[in-house]
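Asks:
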Amino acid sequence: MGRGRATARHGLLAIPIAFVTVLLIAPLALTFAVSFWERAGPKIRPAFTLTSYAEFLDGARLVVFERSLLAAAEATVIGLLIAYPIAYYLGRHVRPAVTRTVLALFTVPFLVNYILRTFAWTFLLARTGPVNDALIGIGLVDKAVDWLLFSDFSVLIGLVTSYMPFMIYPLWLAIAGIDRRLIEASWVTGANPRATFLRVTLPLSMPGVFAAVIFGFVGSFGEGAVPTILGGVGYQLMGNTITSALDVLNYPLAAAMSSVVVVSMLVLLAFWYAVFDMRSFLGKIVRWRV
Amino acid sequence: MNATSFRRGAMWVLVSAVLAFLYVPLTPPLLFSVTDDGSAGALGQFTLRWYVEMWRNPLLTGSIWNSLIVALAAGLVTPPLALLAAMAVRELRVPRLLTLLFLLPLFIPAVSMGLAMAIFFRLTGVPPSLSAICLVHIMWALPFAFLIILTVMATFDPIYLEAAYVHGAGRWRAFRDIELPLIWPGVSGAGVFAMILSFNETVRTALVQGPYNTVQTYIWATYLQIGLSPTLYALMSLLILVTLALMAATSAMRGRRVNPRAMPPS
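Each protein sequence line maps, in turn, to chains A and B. Counting from 1, one number per residue, gives the positions in the first sequence under our numbering. Counting from 291, one number per residue, gives the positions in the second sequence under our numbering.
1. When the Cα atoms are used, what is the spatial distance from L124/A to A75/A?
2. Would you give the residue range spanned by the beta strand (DSSP E) that A40/A belongs to?
3. Taking 9 Å as the cut-off, decide whether the C-beta atoms of T368/B and V379/B are in contact.
4. Give every residue of the same chain whose Cβ lies closer than 7 Å to the Cβ of I183/A, excluding the five residues on either side of it in the sequence, and list them in chain order.
5. Between S421/B and chain A, is any beta-carbon pair separated by less than 9 Å?
6. Could you give the DSSP three-state label for T241/A: helix, strand or coil?
7. From V308/B to F106/A, what distance separates their C-alpha atoms?
8. Counting only the same chain and skipping the five closest in sequence on each side, list residues whose C-beta sits under 6 Å from that of A330/B.
9. Does W340/B have its Cβ less than 9 Å from a Cβ in chain A?
10. Going by DSSP, what residue range makes up the alpha helix (DSSP H) through R181/A?
11. Quick check on T368/B: does DSSP put it in helix, strand or coil?
12. Within 10 Å of its beta-carbon, does S68/A have 16 or more other beta-carbons around it, so buried, or fewer, so exposed?
13. Whose CA, out of A376/B, Y341/B, E343/B, lies closest to the CA of L470/B?
14. State whether the stretch 497-515 of chain B contacts the stretch 348-362 of chain B, with contact taken as three or more CB pairs (one from each stretch) at a distance under 8 Å.
15. To the nearest angstrom, how far is it from the Cα of A97/A to the Cα of F65/A?
16. If you reduce the DSSP assignment to three classes, tell me which class T495/B lands in.
17. Using 8 Å as the cut-off, can you tell me whether the stretch 240-258 of chain A makes contact with the stretch 33-41 of chain A, which would need three or more C-beta pairs spanning the two stretches below that distance?
18. Report the residues of the stretch 385-401 of chain B with a CB closer than 8 Å to any CB of chain A, ordered along the chain.
19. Using the beta-carbon of each residue, which ones in chain A are nearer than 9 Å to T533/B?
20. Any C-beta of chain A sitting closer than 9 Å to the C-beta of I516/B?
21. So with CB distances below 7 Å, who are the chain B contacts of P27/A?
22. Looking at the secondary structure, which residues open and close the beta strand (DSSP E) in which R45/A lies?
23. So, are the CB atoms of L159/A and E55/A less than 9 Å apart?
24. Quick check on the burial criterion: 16 or more other C-beta atoms within 10 angstroms. Buried or exposed for S259/A?
25. So L420/B and I359/B are supposed to be a Cβ contact under 8 Å. How far apart are they, rounded?
26. Please name the residue in L472/B, A300/B, L304/B whose C-alpha comes closest to that of A444/B.
27. How far does the alpha helix (DSSP H) with I82/A in it extend, from its first residue to its last?
28. Verify whether the separation of the beta carbon atoms of V108/A and V102/A is less than 9 Å.
29. Ignoring anything shorter than 4 residues, give me the alpha helix (DSSP H) runs that lie fully in the stretch 341-392 of chain B, in order along the chain.
30. In chain A, which residues lie less than 8 Å from S541/B when you measure between Cβ atoms?
31. Kindly give me the distance between the Cβ atoms of I423/B and Q499/B, rounded to whole angstroms, as I take these residues to be in contact under 8 Å.
32. CA-CA distance, S402/B and V493/B?
33. In chain A, which residues lie with their C-beta within 7 Å of the C-beta of Q506/B?
34. Which residues, taken in chain order from the stretch 134-146 of chain A, show a beta carbon closer than 7 Å to some beta carbon of chain B?
35. I'd like to know whether the C-beta of Y502/B is nearer than 9 Å to at least one C-beta of chain E.
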């Protein structure tokens, strides 16, 4: 084959690389740079100032930061507790046809805009909504429960239903990809099911667990729509604090807060990349060139 | 044996409960969109008037039109881009790093991705346009399309390409005549998936939209300014139904896929 053709082929393969590099990585780097810029009226100009970070760490927004960390951690743990057993069961104990059907059923609500799904909870959890009616109906409570909506509870419901479906797929990929012979070997050498799970299956599924944690945690941490809809007036998490900084055209502050979210994600991602072999995780779907 | 069937029962209870938890929020918009009581939250007489009335709002019809254009563009551009990405992972020397690169848009929170691209467009002087919205949607859909195409490619045995080369076909000819037809279900599936993701994207779009509304940003902006209304419920129901229809179309396509087990093992 001619040299020119090889160059043309490499040129084609470079298109998607350039696409992500120019339109995502460069913008993220630029955002990080802008977080050190200063405001000049409605405009921004290059500078090196830590004003935005100081503004971020000042009282009110630090509370938002802590609340976001807590909400994201809770949503991630709850999401894992729900998604792991389901993924484990689908990956180990179910026929492929059933697995495909169940995964497809999880895909539908995952694909419908989570904001549309989140709106529904304002009706379902309202004082006069069906959940309260049901609670009163079965005699669990005497009068309508207030804390169901516009509370930490409803925000948590919104975060879990938005990001948990995201977590099932990497978990299922990792668990279904475990070599059965390793588990059989554990049985043969006399380990009981519990020990087999704790010492073989769980460690081998860690790449999936970690990917799920990144989806759940980072998604919830940077989430803006859910707290706006389900948190009630003035309820702030990182995401809607960033957009409200944009409403007053404070780009450097928005950039600083966004960079905190992105850098925490990159740290987790770098850890994932360094510690886990992606071949074990994506081994089923990528034919790696060794 | 009893313990096993108990565990199986418990698992299916959990799966059904979680699915119910995810599907129940799809029903209120569908219910409220066909009720004549203007106040959301109460069920009145059955009516389809909101589905008729929404077409009288030019802002809304404009946003539907914009959504269709953007989704079509995302559906057409994302698959070839993702196909090139999957080939780059297969052919270039750094597959792990490239995989991470193409999966990156999946890991960036929506607000951060929208903000980064908005700042980039602003500082490089790109004015808000439907094309800018398209770029954001393609970036968001790329990792999904990439994974779908990789999955299908893994079922394709490269020995067929070798066979084509032996018979004197060039790389392009071998790709066009042998590989592309076999991985086509993945490519078209990725296109439909990109359209679904585009139809359902709000947060990233809202940060770069400028004066252009998609259906989703129209719903979001109206919700923030006025609140929910029967017309919005009708619009949401349409979006849910379109998403379900596109999903059904994808699974129908997948049904016709070449059975990978029918191929000889590599």
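Glycine residues also receive a C-beta, built at the ideal position from the N, C-alpha and C atoms. Remember, predicted model here, so these are calculated numbers, not experimental data.
Replies: In this structure, then:
1. Numbered from 1 along the first sequence, position 124 holds the residue referred to as residue 124/A. Numbered from 1 along the first sequence, position 75 holds the residue referred to as residue 75/A. Here the alpha carbons of A75/A and L124/A stand approximately 20 Å from one another.
2. Position 40 of the first sequence, counted from the start, is the residue given in the question as residue 40/A. Per DSSP, A40/A is one residue of the beta strand (DSSP E) stretching across 38-40.
3. By one-based count along the second sequence, residue 368/B stands at place 78. By one-based count along the second sequence, residue 379/B stands at place 89. Result no, Cβ atoms of T368/B and V379/B do not sit closer than 9 Å.
4. Along the first sequence, read from residue 1 onward, the residue named residue 183/A stands at position 183. Excluding positions up to five away in sequence, the list reads T196, V200, T201.
5. For the purposes of this step, residue 421/B is taken as the residue at position 131 of the second sequence. In terms of beta-carbon proximity, S421/B stays away from the interface with chain A, with every pair separated by 9 Å or more.
6. In the first sequence, counting from the first residue as 1, residue 241/A sits at position 241. In the displayed model, T241/A falls within a helix according to three-state DSSP.
7. Taking the second sequence and counting its residues from 1, one reaches residue 308/B at position 18. Taking the first sequence and counting its residues from 1, one reaches residue 106/A at position 106. Counting only the Cα atoms, F106/A lies some 9 Å from V308/B.
8. Against the second sequence, residue 330/B aligns to sequence position 40. Only weak support exists for where A330/B lies, its pLDDT of 49 falling under 50; the value from the coordinates is given anyway. Hits under 6 Å: F322, L518.
9. Numbered from 1 along the second sequence, position 50 holds the residue referred to as residue 340/B. Answer no: the Cβ-Cβ gap between W340/B and chain A never drops below 9 Å.
10. Along the first sequence, one-based indexing puts residue 181/A at 181. Bounds of the alpha helix (DSSP H) holding R181/A are 180-188.
11. For the purposes of this step, residue 368/B is identified with residue 78 of the second sequence, where counting begins at 1. Three-state DSSP puts T368/B in a helix.
12. To locate residue 68/A, count along the first sequence from 1; it is residue 68. Under this definition S68/A is a buried residue.
13. In the second sequence, the residue the question calls residue 470/B occupies position 180. If we check each option's Cα against that of L470/B, A376/B comes out closest.
14. Counting Cβ pairs under 8 Å, three or more are found: they touch.
15. What you label residue 97/A is simply residue 97 of the first sequence in a count that begins at 1. What you label residue 65/A is simply residue 65 of the first sequence in a count that begins at 1. Roughly 44 Å between the two C-alpha positions.
16. Within the second sequence, numbered from 1, the residue matching residue 495/B stands at position 205. Residue state, collapsed to three classes: helix.
17. Flag = yes, the stretch 240-258 of chain A and the stretch 33-41 of chain A touch.
18. Per Cβ criterion, the list reads P385, R386, L388, T389, L390, L391, F392, L394, P395, L396, F397, I398, P399, A400, V401.
19. Here residue 533/B corresponds to residue number 243 of the second sequence, with the count starting at 1. Contacts between T533/B and chain A, judged by CB atoms closer than 9 Å, involve V108, L111, V112, N113 in chain order.
20. Locating residue 516/B in the second sequence gives position 226, where the first residue counts as 1. Not one chain A Cβ lies under 9 Å of I516/B.
21. Here residue 27/A refers to the residue found at position 27 when the first sequence is read from its first residue. Proximity of chain B to P27/A at the Cβ level (cut-off 7 Å) is accounted for by A406, M407, I409, F410, in chain order.
22. Within the first sequence, the letter at position 45 stands for residue 45/A. Where R45/A is concerned, the enclosing beta strand (DSSP E) stretches over 43-45.
23. In the first sequence, counting from the first residue as 1, residue 159/A sits at position 159. In the first sequence, counting from the first residue as 1, residue 55/A sits at position 55. Annotated as distal: L159/A and E55/A, with beta-carbon spacing of 9 Å or more.
24. Taking the first sequence and counting its residues from 1, the one referred to as residue 259/A is at position 259. Buried.
25. In the second sequence, the residue the question calls residue 420/B occupies position 130. In the second sequence, the residue the question calls residue 359/B occupies position 69. Cβ-Cβ separation between L420/B and I359/B: approximately 6 Å, consistent with a contact (criterion under 8 Å).
26. Locating residue 444/B in the second sequence gives position 154, where the first residue counts as 1. For A444/B, the nearest C-alpha among the options comes from L472/B.
27. Mapped onto the first sequence, residue 82/A falls at position 82. Start and end: 59-92.
28. Within the first sequence, numbered from 1, the residue matching residue 108/A stands at position 108. Within the first sequence, numbered from 1, the residue matching residue 102/A stands at position 102. Pairing V108/A with V102/A gives a Cβ-Cβ distance that is not under 9 Å.
29. Taking only runs of at least 4 residues, the alpha helix (DSSP H) segments lying wholly in the stretch 341-392 of chain B are 348-381.
30. Locating residue 541/B in the second sequence gives position 251, where the first residue counts as 1. Near S541/B (Cβ distances below 8 Å), the residues of chain A are A104.
31. Translated into positions along the second sequence, residue 423/B becomes position 133. Translated into positions along the second sequence, residue 499/B becomes position 209. Their Cβ separation, rounded to whole angstroms, is 6 Å, which keeps I423/B and Q499/B in contact under 8 Å.
32. Here residue 402/B refers to the residue found at position 112 when the second sequence is read from its first residue. Here residue 493/B refers to the residue found at position 203 when the second sequence is read from its first residue. Distance between the alpha carbons of S402/B and V493/B is about 10 Å.
33. Counting from 1 along the second sequence, the entry for residue 506/B is found at position 216. Residues of chain A passing the Cβ test: N113.
34. Correct list: empty, as no residue qualifies.
35. In the structure shown, chain E does not exist; the protein chains are A and B.
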